[in-house]
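Using the numbering used here, read the sequence shown as starting at 87 and increasing by one per residue.
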Amino acid sequence: MKTDIEIAQEAKLKPIREIAESLDLTEDDWEPYGHTKAKLSDRLLKKLNSVPDGKVILVTSINPTPAGEGKSTVTVGLGQALHKIGEKAIIALREPSLGPVMGMKGGAAGGGYSQVLPMEDINLHFTGDLHAITSANNALSAMIDNHIQRGNKLQIDPRRIEWKRVLDMNDRVLRQIVVGLGGPKQGVPREDGFTITVASEIMAILCLATGLDDLKERLARIVIGYTFKEKPVTVKDLKIEGALALLLKEAIKPNLVQTVENTPAIIHGGPFANIAHGCNSILATKTAAKLGDYVITEAGFGADLGAEKFLDIKTRAGNFEPSAVVIVATVRALKMHGGVEKDQLTTENVEALKQGMANLEKHIETIEHFGLPYVVAINKFPTDTEKETNFIHSWCREKGIDVALTDVWAHGGEGGIELAEKVVQKANTKERHFNRVYELDEPLETKIRKIAQKVYGAVDIEFAAKAKKQLQFYQQQGWGNLPVCMAKTQYSLSDNPALLGRPSGFTITIRELRASIGAGFIVVLTGEMMTMPGLPKHPAALNMDVTADGKIAGLF
Numbered sequence: 087m088k089t090d091i092e093i094a095q096e097a098k099l100k101p102i103r104e105i106a107e108s109l110d111l112t113e114d115d116w117e118p119y120g121h122t123k124a125k126l127s128d129r130l131l132k133k134l135n136s137v138p139d140g141k142v143i144l145v146t147s148i149n150p151t152p153a154g155e156g157k158s159t160v161t162v163g164l165g166q167a168l169h170k171i172g173e174k175a176i177i178a179l180r181e182p183s184l185g186p187v188m189g190m191k192g193g194a195a196g197g198g199y200s201q202v203l204p205m206e207d208i209n210l211h212f213t214g215d216l217h218a219i220t221s222a223n224n225a226l227s228a229m230i231d232n233h234i235q236r237g238n239k240l241q242i243d244p245r246r247i248e249w250k251r252v253l254d255m256n257d258r259v260l261r262q263i264v265v266g267l268g269g270p271k272q273g274v275p276r277e278d279g280f281t282i283t284v285a286s287e288i289m290a291i292l293c294l295a296t297g298l299d300d301l302k303e304r305l306a307r308i309v310i311g312y313t314f315k316e317k318p319v320t321v322k323d324l325k326i327e328g329a330l331a332l333l334l335k336e337a338i339k340p341n342l343v344q345t346v347e348n349t350p351a352i353i354h355g356g357p358f359a360n361i362a363h364g365c366n367s368i369l370a371t372k373t374a375a376k377l378g379d380y381v382i383t384e385a386g387f388g389a390d391l392g393a394e395k396f397l398d399i400k401t402r403a404g405n406f407e408p409s410a411v412v413i414v415a416t417v418r419a420l421k422m423h424g425g426v427e428k429d430q431l432t433t434e435n436v437e438a439l440k441q442g443m444a445n446l447e448k449h450i451e452t453i454e455h456f457g458l459p460y461v462v463a464i465n466k467f468p469t470d471t472e473k474e475t476n477f478i479h480s481w482c483r484e485k486g487i488d489v490a491l492t493d494v495w496a497h498g499g500e501g502g503i504e505l506a507e508k509v510v511q512k513a514n515t516k517e518r519h520f521n522r523v524y525e526l527d528e529p530l531e532t533k534i535r536k537i538a539q540k541v542y543g544a545v546d547i548e549f550a551a552k553a554k555k556q557l558q559f560y561q562q563q564g565w566g567n568l569p570v571c572m573a574k575t576q577y578s579l580s581d582n583p584a585l586l587g588r589p590s591g592f593t594i595t596i597r598e599l600r601a602s603i604g605a606g607f608i609v610v611l612t613g614e615m616m617t618m619p620g621l622p623k624h625p626a627a628l629n630m631d632v633t634a635d636g637k638i639a640g641l642f
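This is the structure in structure tokens:
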């Protein structure tokens with residue numbers, strides 16, 4: 087069996103000009119980044135304003151396990167399958183972060199014969215968007231420390247600086263650091279720390295901005311910390327929003343690539359869904375909707391994280407509604423949610439599968455609460471038995487749920503035709519009553535409780551002392567009408583990663599709140615979630631290499 091990278095390197099890519107021309111783009115609408123990548127103009131969306139929107143299809147999944155769900159693979163395969171049945175579809179994905187690529191995943195561009203290409207570039211430095219975000223974030227950090235060193239006219243309290251430096255790598259030793267050591271000429275000593283780039287507020291801003299002007303306005307609203315009198319200090323106060331926007335002027339432009347089957351794909355932005363809002367950029371999604379009849383996009387991890395944030399945060403900021411949802415599940419992951427250990431997943435076990443279906447059922451209930459039509463996609467693995475896949479089909483049929491077995495890893499678009507036909511049917515139904523979990527004018531505590539109870543299935547929420555004070559302070563600042571962005575483990579519906587399946591009777595612990603006023607939401611940290619991950623015992627980077635002729639090996 088060929089590896090993902092072997093399949094990718096054997097694929098015949100079209101020149102990016104041909105992909106752009108297939109979307110009826112003129113030379114003013116895009117600029118090449120080599121032979122197989124391009125940047126779309128940030129003015130393209132405004133140019134296409136009068137063009138009717140295509141239908142947005144959201145791909146989500148059950149809670150992920152180390153067994154893997156293949157949500158990105160299904161997203162790519164579905165886009166290819168829609169092309170096979172004669173529909174004009176465009177795929178819209180996030181950009182991978184180097185942290186997971188070098189850490190646990192090894193790659194994040196789909197898999198097998200359902201990949202976006204060139205996967206080596208996409209998984210590594212791509213067009214430099216994440217590096218630009220890193221530079222803008224750290225430029226702001228440098229400006230903050232320089233302002234304090236040069237007299238501190240704004241009276242910034244060094245003990246209450248909320249803004250952290252970032253790095254696009256998993257590096258646990260940087261979570262808490264001290265800067266400014268070495269004497270008066272080296273700065274004012276204070277505690278600081280690093281967050282991973284994809285959790286930076288600037289990443290969220292880039293993904294939620296509707297254009298360059300909106301980007302600059304959002305940057306200006308960033309709260310970097312507080313004065314000695316506990317008044318918020320913003321980027322606008324520091325007068326550097328223009329400089330930060332300058333560093334992001336190319337990064338705000340969506341990236342155009344293609345799949346193994348030459349289906350157009352727009353890849354832009356990459357916030358994590360467990361510690362950020364987990365969706366690609368509004369510019370990418372809305373541009374794709376103007377260029378195609380169907381946009382296939384995804385939101386990170388399960389419906390409890392990425393899908394909830396997509397539907398409660400991104401659709402509000404972008405002023406659009408999705409037409410249908412695909413919920414990805416695998417036999418392997420469902421058996422793991424049913425109590426099977428990872429090394430036993432290749433053994434047929436229908437009883438464990440039956441127990442694990444509770445996790446899928448909860449995510450189905452969540453999508454039903456949002457009032458959206460959906461299809462369950464069983465992402466096929468070679469070790470799945472017919473008895474196991476038949477059980478999922480029977481379970482779904484008994485409940486009146488549309489389900490499709492997909493084999494897009496092995497067969498590309500051909501393996502997703504059944505799913506594509508069902509998605510088209512769902513997307514064109516008029517039985518849709520889009521609801522959200524909460525209203526913006528509800529108190530922050532109410533919004534958090536509604537997500538915990540309705541989406542996670544929690545009994546209640548419990549605030550730590552620090553979070554209680556922050557909750558009161560944020561309400562006083564007038565930030566209570568913002569959406570909330572929950573930071574929670576992806577592995578469980580609860581805030582305890584060890585509780586698989588569908589746990590009950592649990593309480594969500596709210597440890598801390600963070601104000602992302604530029605992004606336009608309040609981050610809520612639950613349990614033991616950290617915004618700078620660490621590397622595993624055996625990082626994926628140990629398997630990677632490059633040959634003398636420049637060929638990459640071991641990248642998935």
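Using N, Cα and C, we set each Cβ at its ideal position, and we do this for glycine too.
Item: Proximity winner among Pro459, Asn238, Lys395, relative to Lys574 (alpha-carbon distances); Value: Lys395
Item: Sheet register partners of Cys571 (DSSP bridge); Value: Val609
Item: Residues that Val187 bridges to, as DSSP identifies them; Value: Answer is none; Val187 lacks a bridge partner.
Item: Under the three-state DSSP convention, the category Thr220 falls into; Value: helix
Item: Cβ neighbour criterion (16 or more within 10 Å) applied to Asn360; Value: buried
Item: Stretch pair the region 149-164 + the region 482-491: three plus CB contacts closer than 8 Å; Value: no
Item: Reduced DSSP category for Glu155 - H, G, I as helix; E, B as strand; rest coil; Value: coil
Item: 8 Å contact criterion, which Thr220 and Leu253 should meet: CB distance rounded; Value: 7 Å
Item: Reduced DSSP secondary structure (H/G/I, E/B, other) of Lys648; Value: The question about residue 648 has no answer, for the chain in this structure spans 87 to 642.
Item: Per-residue DSSP class, three states only, for Ile487; Value: coil
Item: Inter-stretch contact at 8 Å, needing at least 3 Cβ pairs: the region 223-230 / the region 120-132; Value: no
Item: Backbone CA spacing between Ile429 and Ile352 [nearest angstrom]; Value: Note on residue identity: the sequence assigns Asp, not Ile, to residue 429. Approximately 36 Å between the Cα atoms of the pair.
Item: Contact the region 173-189 vs the region 373-388: 3+ CB pairs below 8 Å; Value: yes
Item: Touch test, the region 618-626 against the region 184-193, Cβ-Cβ under 8 Å, three pairs minimum; Value: yes
Item: C-alpha distance - Gln262 paired with Ile310, whole-angstrom precision; Value: 17 Å
Item: Nonlocal neighbours in the same chain, by C-beta distance under 6 Å from Asp546, ignoring five residues either side; Value: Thr593
Item: Any 3 or more C-beta pairs closer than 8 Å across the region 503-515 and the region 449-462; Value: yes
Item: Test item: CB-CB of Ser580 and Pro589 under 8 Å; Value: yes
Item: Alpha-carbon to alpha-carbon, Ile208 and Glu407; Value: 28 Å
Item: Inter-residue Cα distance where the pair is Ala410 and Val162; Value: 16 Å
Item: Bounding residues of the beta strand (DSSP E) (the contiguous stretch that carries Gly311); Value: 309-313
Item: Contact set for Gln556: own chain, Cβ-Cβ below 6 Å, skip 5 residues either direction; Value: Leu599
Item: Span separating the alpha-carbon of Thr57 from that of Gln441; Value: Coverage of the chain is limited to positions 87 through 642, which leaves residue 57 absent and any answer about it impossible.
Item: For Tyr560, three-class secondary structure by DSSP; Value: helix
Item: The region 436-451 / the region 468-478 touching (three or more Cβ pairs under 8 Å); Value: yes
Item: Other residues of its chain near Arg258: CB distance less than 6 Å, five sequence neighbours each side excluded; Value: Gly620
Item: DSSP state of Ser590 mapped onto helix, strand, coil; Value: coil
Item: CA-to-CA distance, Asp231 to Pro318, given in whole angstroms; Value: 16 Å
Item: Phe520 - DSSP class collapsed to helix/strand/coil; Value: coil
Item: Length of the line joining the Cα atoms of Val541 and Tyr524; Value: 11 Å
Item: Continuous alpha helix (DSSP H) stretch holding Lys125: start and end; Value: Looking at the DSSP string, Lys125 is not in any alpha helix (DSSP H); the run it does join, the beta strand (DSSP E), is 124-126.
Item: Through-space distance from Thr213 to Ala55, alpha-carbon basis; Value: What is shown of the chain runs 87 to 642, which leaves residue 55 out entirely.
Item: Backbone CA spacing between Thr89 and Gly198 [nearest angstrom]; Value: 7 Å
Item: Contacts around Asp114, its chain only, beta-carbon distance under 8 Å, and the 5 residues preceding and following it disregarded; Value: Ser127
Item: Beta-carbon proximity check, Val284 vs Ile234, cutoff 8 Å; Value: no
Item: Endpoints, the alpha helix (DSSP H) within which Asp243 is located; Value: Asp243 -> not in any alpha helix (DSSP H); beta strand (DSSP E) instead, spanning 242-247.
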